[in-house]
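Protein chains in written order, with our numbering: chain A, 1 to 298; chain B, 1 to 766. C-beta: ideal position from N, C-alpha, C; glycine also.
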């Protein structure tokens, strides 16, 4: 590990100022599960490390009427798994969190860290995009802005964060009636894994006709950012979805992704798995939509 | 069952004596060593897979504050390491792989040492490299060692028995295939770490995780050109070995030379990345195998040629055909055998010993071919094996004298537990996405030591103190396998005390008697027999004194539960401690201590690889039920069954744990594990991308211990340490083939490989 200067700001403002001052030279330490191994391997060599764990306002889970679920950026994946609010209203988040890494890593890894690290394979990204989440960012001086998560990712390790900005919250709207969600993560092993392909699907069906009124299909690990597939969504919207439609949408997704070949899988295999996992994820989302409650906020 | 009851310690699942120390993090591993003035060592690795070294400039590095020693080849003695003496600890004129050691530094901390490495300037002249052994064999290929023509290692293993060509001509069915198996890694929990300390009189103490303390002592003395009497080897807690510490490697020599030059102790610990890239691995093999049979299933011949990627230097990896050939010559009865090898130098990292020592590769190839042969014959794969099953009292073509052999029972047990009759061949008739199949595979391996060195012996000293506490000083080593506990049980049983009363000392070459090393599944058998013999001698002395005190003849006395008593009058007891105190505290008193050296009655193989190298042989069968997703190629193991001829289970819990641990390595070999090596570089040197199975990947495992009560073993035990790994990949491979109705010839059976084969089969059908 190379030497660096270490900061432990007590307030958000202090943290933003430090980030702005050391723009390009600083790394934020939250859970540390990406940063610390990177430091040891000398793949990340920052001159400044800013630990934001001492900032009290970033670790909470709340269910608000207007914003839906609000997660502070320091919420860990094990906190998501053990939250009664999430279990009752957003069970898909628990399901996704359980697929991430291992128990020990989930004790440390944070939702904000997973998003800001901006790995194309980040497990929390596809499902949060499918759920139409937004992120709240704060800049020095305390001005906040919100951004659809879909617009947050720019490339591997690159986000829309401006110099001095910190991601403080994630907002996730409550699921509407007759809506089903699914996240399928294909891996070699059952745990401690990075997705070869990750597929999140959200499907909403109309009352009685069961026609599809909304689809969001988001693929992880198959492009430089998590990728939404409008071409596949278009095939499904407005239809009473049959197995041929699902096949067609899955095929469209497979054609839209731009995966790479690496030690985990080849490009061709990833494309083929996008087809298979999209099909399975859509099937699961549709089945869940059909069995989801009729009542609730429209 | 009846004879089990008479034992107090044998057959009892005593928890590992060192379990709490390890689980609570208190055990002291080499990397925990902290000696006064201790420095931290680091090695500079080559930047090229094949190059001449023109110049190494260490001037700047030496000036860095905190740096206490910088060494290059010029600081090393001219000696070389390894079985073929082809590996200089620091490379002076040429590098032959990316894991070649070019220079090393000792500094006050690791960061300073790393900084110093960056300041060493090395000028290379790159040479054309060669990474594929078949390419390396071709004329005109880059020459890696000047003296090795055609990059062929001078080690060559060839075996012939019977008349293969006549047998081939007389066969009703012949099958021939090529198999390719990958580099895999031991994945020890503790990365390699050692400490060197010189005292003022010129004596060197090494704190090392070595598996071979006495051969290590000799080899290190040879390379440092000093008497071995001046080297003391201390083995702190060892965090796993699996064969990876069976040789003396450059890092230990470098550590010693750094410490000498700095005049301070040096700790040299590998990072996990270095552990993956720089320690020897299980060698990849290419196997061309041809096998034949008569219509009725009688095996006629096996003709096998193995190409081994030796890597750039020769460690024990080059010698694995010695064991690999066992499965070819001796697993199931076959009277005509031809076995040949080409061991080829490449610019890859070099290969070494790993659990099973070639047998996992050999067994995979032979057992996959048994299924293919059965298919071609139209016979059931289980029936084919039973027809040619090894038996008690047979002599195999290599001259192995089989004594006890429970293989038939193992095969039948596994088949029954797998529901073979109903499940075999069922998957191929299914039409859905998920297909299920069952498969099985067996092994033969040494189970009573292995005479691969002039002595296969182990010494033991047993001491009983004045409170009846027992100390066993054994030549053997604890590498995490539970030998301490098993040896304590054997010693306690012989003496009539409890395993918990026994302290085992096994970590210091200055104290413990000689042992060849912990390898070849030999420790329970060899060190166990030695401990038992020493304990029996002490017991005789105790009985002599007790005889005086109890006024009964020695042969009428018994020791049990820490007490001596007349067999006829068990009420009249005397505590062992009291007997000892009586002998200590009298005129012309006596201490209770005895030694034994057990060297088994076996032969070294002759130059034609014939000889009975082990007192007894281990046999076993594993069965797998798998489910294959034909859309993704993913294989899930639903269930594994192990039936093992263990002779006698000294400690059933540890035995089962060792079988399960071995099996998990086998599951990895079958489905997940592979070092991705491109142009000599390991592309996945981390647990993130080198896929060892996790606990969640392990299927439920049913274990059946078959006790054949071996006459040569301590209380009937055979060695089993490596066996859990040996047939696993073959069993899973056979199950996958059974599920899909197609054959794969490569490991690991990763989803992408499986899917490709499934698609090719579908394309053929359309």
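For residue 176 of chain B, the uninterrupted beta strand (DSSP E) segment begins and ends at 173–181.
One alpha carbon belongs to residue 753 of chain B, the other to residue 266 of chain A, and they sit about 11 Å apart. In the three-state reduction of the DSSP assignment, residue 48 of chain B falls in the coil class.
Annotation: residue 735 of chain B to residue 667 of chain B spans about 12 Å, alpha carbon to alpha carbon. Residues 574, 579, 582 of the same chain have their beta carbon placed closer than 7 Å to that of residue 549 of chain B, with the five preceding and five following residues left out of the count.
Straight across, the Cα-Cα distance linking residue 286 of chain B with residue 320 of chain B is about 14 Å.
Minimum Cα-Cα distance from residue 206 of chain B among the listed residues B:54, B:187, B:256 corresponds to B:256.
Within the stretch 258–283 of chain A, 263, 264, 265, 266, 269, 273, 276 place their CB atoms closer than 7 Å to a CB of chain B, listed in sequence order.
Nearest CB-CB separation between residue 631 of chain B and chain A: below the 7 Å threshold. Straight-line spacing of the CA atoms in residue 756 of chain B and residue 738 of chain B works out to 17 Å. The Cβ atoms of residue 151 of chain B and residue 344 of chain B lie closer than 7 Å to each other. With its beta carbon less than 7 Å from one in chain B, residue 190 of chain A belongs to the interface.
Contact with chain A is found for residue 683 of chain B, since one of that chain's Cβ atoms lies less than 7 Å from the residue's Cβ. Rounded to whole angstroms, residue 743 of chain B and residue 134 of chain B show a C-alpha spacing of 24 Å. For residue 178 of chain A, no chain B residue has a Cβ inside 7 Å of its Cβ, as the nearest lies near 28 Å away. A Cβ-Cβ contact shorter than 7 Å links residue 630 of chain B with residue 433 of chain B. Pairing residue 521 of chain B with residue 585 of chain B, the inter-Cα distance amounts to about 43 Å. Residue environment: residue 269 of chain A is assigned as buried (16 or more neighbouring CB atoms within 10 Å of its CB, all protein chains considered).
Look at the stretch 35–62 of chain A: the residues with a C-beta under 8 Å from a C-beta of chain B are 40, 41.
By the Cβ-count criterion, residue 348 of chain B is buried, with 16 or more other Cβ atoms from all chains shown falling within 10 Å of its own Cβ.
Three or more beta-carbon pairs drawn from the stretch 235–253 of chain B and the stretch 209–216 of chain B are found closer than 8 Å, and the two stretches are therefore classed as touching. Residue contact check for residue 185 of chain B against chain A: no CB pair falls below 7 Å. Residue 261 of chain B: not part of any beta strand (DSSP E); member of the alpha helix (DSSP H) spanning 250–262, first to last residue. Two segments are said to touch when three or more pairs of C-beta atoms, one from each, lie closer than 8 Å; by this definition the stretch 306–321 of chain B touches the stretch 349–367 of chain B. Contact annotation: residue 516 of chain B and residue 455 of chain B have beta-carbon atoms nearer than 7 Å. In the three-state reduction of the DSSP assignment, residue 469 of chain B falls in the coil class, being assigned neither a helical nor a strand state.
Secondary structure note for residue 409 of chain B: it is in no beta strand (DSSP E), and the uninterrupted alpha helix (DSSP H) holding it is 407–418. Under DSSP, the beta-bridge partners assigned to residue 193 of chain B are B:269. At least 7 Å separates the CB of residue 481 of chain B from every CB of chain A. Interface flag for residue 694 of chain B against chain A is set, since a Cβ pair is found closer than 7 Å. The C-alpha of residue 718 of chain B is placed about 9 Å away from the C-alpha of residue 446 of chain B.
In this structure, residue 313 of chain B sits away from residue 191 of chain B, with a CB-CB distance that is not shorter than 7 Å. The beta carbon of residue 340 of chain B sits no closer than 7 Å to any beta carbon of chain A. The Cβ atoms of residue 96 of chain B and residue 48 of chain B do not sit closer than 7 Å to each other.
Against residue 111 of chain B, the close residues of chain A are 1, 2, 3, in the order they occur along the chain (beta-carbon pairs closer than 8 Å). Taking the C-beta atoms as reference points, residue 7 of chain B is found no nearer than 7 Å to residue 558 of chain B.
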